[in-house]
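A quick write-up on the structure given underneath.
Next comes the structure, spelled out in structure tokens:
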């Protein structure tokens, strides 16, 4: 009776992958490796930042895509601001 699963291949150096839902799961989140990448900063600057790729597979018979998007957005917010957990 799983409802939600986290699959982490980041520990094996995999930067991004697609995890497959196994019934009776409703959703599965794939966690990739943290990698340093060049990102745009401000209007014309660049910086090297650690980035992580998260992907979410959801059963649309149970979850609406908008709910899944809000979930990922909240996870992003918490990862970027850990003090929100306090």
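Numbering (my numbering), first residue to last: 209 to 294. Backbone N, C-alpha and C fix where the C-beta goes; we use that ideal spot for every residue, glycine too.
Using only the alpha-carbon positions, how far apart do residue i and residue j sit?
i           : j           : result
residue 255 : residue 232 : 43 Å
residue 288 : residue 258 : 11 Å
residue 211 : residue 240 : 21 Å
residue 243 : residue 225 : 14 Å
residue 213 : residue 245 : 27 Å
Over the uninterrupted alpha helix (DSSP H) stretch that includes residue i, give me the two end residues.
i           : result
residue 291 : Counting along the chain, residue 291 falls outside any alpha helix (DSSP H), and DSSP gives it neither H nor E.
In the DSSP assignment, find the unbroken beta strand (DSSP E) run with residue i in it and report its ends.
i           : result
residue 263 : 262–266
If you run the structure through DSSP and keep just helix, strand and coil, what is residue i?
i           : result
residue 229 : coil
residue 241 : coil
residue 223 : coil
residue 277 : helix
residue 269 : coil
residue 253 : strand
On a Cα-Cα basis, can you pick out the residue from the options that is closest to residue i?
i           : options               : result
residue 217 : 253, 274, 279 and 262 : 262
residue 235 : 284, 250, 289 and 272 : 272
residue 260 : 275, 213, 284 and 294 : 284
residue 220 : 270, 228 and 238      : 238
residue 227 : 294, 277, 251 and 266 : 266
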